[in-house]
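Accompanying notes for the structure given below.
Protein chains in written order, with the working numbering: chain A, 1 to 79; chain B, 1001 to 1433.
Right under this line is the structure:
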């Protein structure tokens, strides 16, 4: 998976979970939870959607690596 | 033939607007079918029917606003003798049926359609219909002071409203409620137990309805919270709970599972509360007519924040009977539907207790405001790492500050202390949850 593909998957899932984030400019290196109104349930839903759509398993211990957009893209593209 | 009535979707709802019919005349409906969508001041709620039958006539058109208890449709009953679901948190059903008011009342019942018959209590006390009881609580009227004109002298809603219109019989404290018809944007939903200042904005709905709903929601919350603080002598308890065992157990359990099967700490906290409710039923119920009415089952209201502001507190029914996985699934489902505005009537009917959690980005402690007529509210702050001494050794442990607000009319501090202690001890044995 390329970085562009990974980014597209994450952003699409984010818009589904939090529709108002569409068009919002995200800082790649700031935690999504700080930039958006994302709680633990939302984050788990994000992990679920991304994992289902990429086929990439995301163990719970790896979840902290996906807390920023850049981190998530790197994780998904690098697997 | 019976009638399908505008349900009460919470303690303070007095009317609702019919948005959409999901059935047409001639349709056969089964118990639990969603037949209509009703707009309250807070959300559009899918309303179920609880008696099987055939829809004969739709009485109310989409767009119309009608009072709780008003006939929405005529239904020809096909099941066993039509019964009525309680319209208020009555201590009726022993079985764990959700306390849902969307009822088909048998047309043969001697009461007028909008008036479910009074609940006989067999003790010679005045019979008061559940609807009348709720309206009375809303208007600050003592139902016992009303002259009953219903079947068997039962006090009906009309009796309560007539009494409320006589200034001399009003309870002194509550400020006057404008009659529903005079309200420009009548709030209809129970406000959540909103423990802290918050921006209330409407959930995603048509933009035109947004402002009106936002205003109505704020008014509903204002009224309910003011009523809570005016009427309920709260006492508060707090207790720090070491979550290391619970979180270790959860981590081990979640490790081999994908995101879709994982359980969040919130589910463990809810289960511990539900079991504590079963152990201490005195905190699981309603304060009505100067007495505690136990909730028929443990229906835990979960405060769910809406995106962009606002809160709803739909119930997870019989949470004490659900395993941790099932509870997590219910929580996940409820959260998503609450945010999409797809809650069902049975979920908005009164929970027996409410839990509010601030999540991992909130503060450490929340002192909640009880959601009347409930008698208790449990609050969980953020889980923080703290220095924690065990047998003379200090270590870092994940700790949550659990708080409890209790209606002192219903229970004393001792009970509240035992309740929080029960939550704590259950969280020390997560595998038993």
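The C-beta atom is built at its ideal place from N, Cα and C for all residues, glycine as well.
Remember, it's a predicted structure, so these values are computed and weren't measured experimentally.
{"query": "Sequence-distant residues of the same chain with beta carbon closer than 7 Å to residue 1280/B, five excluded per side", "result": "1415, 1418, 1419, 1422"}
{"query": "Closest residue to residue 1362/B among 1332/B, 1328/B, 1401/B, 1347/B (Cα-Cα distance)", "result": "1401/B"}
{"query": "Residue from 1223/B, 1304/B, 1220/B whose Cα sits closest to the Cα of residue 135/A", "result": "In the structure as shown, chain A begins at 1 and stops at 79. Residue 135/A is therefore absent and cannot be evaluated."}
{"query": "Within chain B, partners of residue 48/A - CB distance below 7 Å", "result": "1259, 1260"}
{"query": "For residue 1273/B, the three-state DSSP class (helix, strand or coil)", "result": "helix"}
{"query": "Coil, strand or helix - residue 1414/B by DSSP", "result": "helix"}
{"query": "Endpoints, the alpha helix (DSSP H) within which residue 40/A is located", "result": "40-54"}
{"query": "Environment of residue 973/B [buried if 16+ CB atoms lie within 10 Å]", "result": "What the structure shows of chain B is the stretch from 1001 to 1433, and residue 973/B is not part of that stretch, so it cannot be assessed."}
{"query": "C-beta atoms of residue 1331/B and residue 1343/B nearer than 9 Å", "result": "no"}
{"query": "Near-chain B residues of the segment 59-73 of chain A (beta-carbon distance less than 9 Å), N- to C-terminal order", "result": "59, 60, 61, 63"}
{"query": "Distance between beta carbons of residue 1320/B and residue 1278/B, contact taken as under 8 Å", "result": "5 Å"}
{"query": "Under the three-state DSSP convention, the category residue 1235/B falls into", "result": "strand"}
{"query": "Cα-Cα separation, residue 68/A to residue 1261/B", "result": "23 Å"}
{"query": "Local Cβ density within 10 Å of residue 1368/B, reported as buried at 16 or more and exposed below that", "result": "buried"}
{"query": "Unbroken beta strand (DSSP E) run spanning residue 1077/B, endpoints", "result": "1071-1077"}
{"query": "Residue-level contact to chain A via CB, residue 1360/B, 9 Å cutoff", "result": "yes"}
{"query": "Other residues of its chain near residue 1295/B: CB distance less than 7 Å, five sequence neighbours each side excluded", "result": "1089, 1284, 1285, 1286, 1352"}
{"query": "Proximity below 9 Å, CB of residue 1429/B to CB of residue 1223/B", "result": "no"}
{"query": "Residue burial classification, residue 1003/B (beta-carbon count within 10 angstroms, cutoff 16)", "result": "buried"}
{"query": "Residue-chain proximity (residue 44/A, chain B), Cβ-Cβ < 9 Å", "result": "yes"}
{"query": "Extent of the continuous alpha helix (DSSP H) to which residue 17/A belongs", "result": "3-17"}
{"query": "Residue 1032/B versus residue 1354/B - alpha carbon distance", "result": "24 Å"}
{"query": "9 Å Cβ cutoff met for residue 1062/B and residue 1009/B", "result": "no"}
{"query": "Proximity of residue 77/A and residue 5/A at Cβ, strictly below 9 Å", "result": "yes"}
{"query": "Rounded straight-line distance, which links the Cα of residue 65/A to that of residue 1020/B", "result": "45 Å"}
{"query": "Listed by chain order, chain B residues near residue 41/A by CB distance under 8 Å", "result": "1264, 1266, 1331, 1332, 1335"}
{"query": "Secondary structure, alpha helix (DSSP H): runs of 4+ residues fully inside the segment 1297-1353 of chain B", "result": "1324-1340, 1345-1348"}
{"query": "Three-state class that DSSP yields for residue 1357/B in the structure shown", "result": "strand"}
{"query": "Beta-carbon separation (whole angstroms), residue 1037/B vs residue 1016/B, contact threshold 8 Å", "result": "In fact, because the Cβ distance is near 10 Å, the residues do not count as touching under 8 Å."}
{"query": "Partner residues on chain D for residue 1254/B, Cβ-Cβ distance less than 8 Å", "result": "Within the model displayed, chain D is absent; protein chains A and B are what it includes."}
{"query": "Simplified DSSP state of residue 1035/B, which is helix, strand or coil", "result": "strand"}
{"query": "Positions along the segment 1221-1255 of chain B whose CB lies within less than 8 Å of some CB in chain A", "result": "1251, 1254, 1255"}
{"query": "Contacting positions in the segment 16-30 of chain A - beta carbon closer than 8 Å to chain B", "result": "18, 19, 20"}
{"query": "Straight-line gap, residue 1301/B to residue 1345/B (C-alpha atoms, nearest Å)", "result": "13 Å"}
{"query": "Stretch-stretch touch, CB-based, cutoff 8 Å, three pairs: the segment 1370-1384 of chain B with the segment 1215-1222 of chain B", "result": "no"}
{"query": "Chain-ordered neighbours of residue 135/A on chain B, where CB pairs are closer than 9 Å", "result": "With chain A running from 1 to 79 in the structure shown, residue 135/A is simply not present."}
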